[in-house]
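To start, the structure under review is shown below, and the notes come after it.
Numbering (the numbering used here), first residue to last: 17 to 161.
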């Protein structure tokens, strides 16, 4: 189950307070919330909280931005890695924030009209003719050599 807004707020407050009380670079509440929001669909609430606390423990980090990336912070106490949702997603090259199969691309797909189909066929046939002529020219040069 993904983390709720209330749980995320409480977790962000805890992490901000822990960092401050251990004399580490402060992480502001909005920044922590943004990191949680970016990662919330990737794992369930417990795994996300654990990953964020692992990152919060690192004094070298200036922000929690690494939360949504793959890394050791997703390793569970038993040594296994959290199965994160979206690790194998392929981003759509045309629509930012969408993964393949992209619903926007799918909605835009339609069969070609008869006129478009005729144009496609003509372009295909023209290319085939061009390639055949090129092949004949190459074979002619080989025979002459």
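We put the CB at the ideal spot given by N, CA and C, even for glycine.
Grab me the residues of residue 61's own chain with a C-beta within less than 7 Å of its C-beta, minus the 5 sequence neighbours each way, in chain order. 17, 18, 19 and 23
For residue 107: DSSP bridge partner residues: 115
When we look at the beta-carbon of residue 37 and count the other beta-carbons within 10 Å, is it buried (16 or more) or exposed? exposed
Straight-line CA distance for residue 78 to residue 128? 52 Å
Would you call the CB atoms of residue 45 and residue 28 closer than 8 Å? yes
Per DSSP, which residues does residue 241 bridge with? Please list them. Since the displayed the chain opens at 17 and closes at 161, residue 241 lies outside it and no answer follows.
So, for residue 75: in the same chain, excluding its five sequence neighbours on each side, which residues have a beta-carbon less than 6 Å away from its beta-carbon? 40
Is the beta carbon of residue 48 less than 8 Å from the beta carbon of residue 31? yes
Residue burial classification, residue 130 (beta-carbon count within 10 angstroms, cutoff 16): exposed
Considering just the uninterrupted stretch of the alpha helix (DSSP H) at residue 152, what are its terminal residues? 130-160
Give the C-beta separation of residue 65 and residue 84 to the nearest angstrom, bearing in mind that I take them to be a contact with Cβ-Cβ under 8 Å. Not a contact, Cβ separation roughly 14 Å.
What are the start and end residues of the alpha helix (DSSP H) that includes residue 22? 21-37
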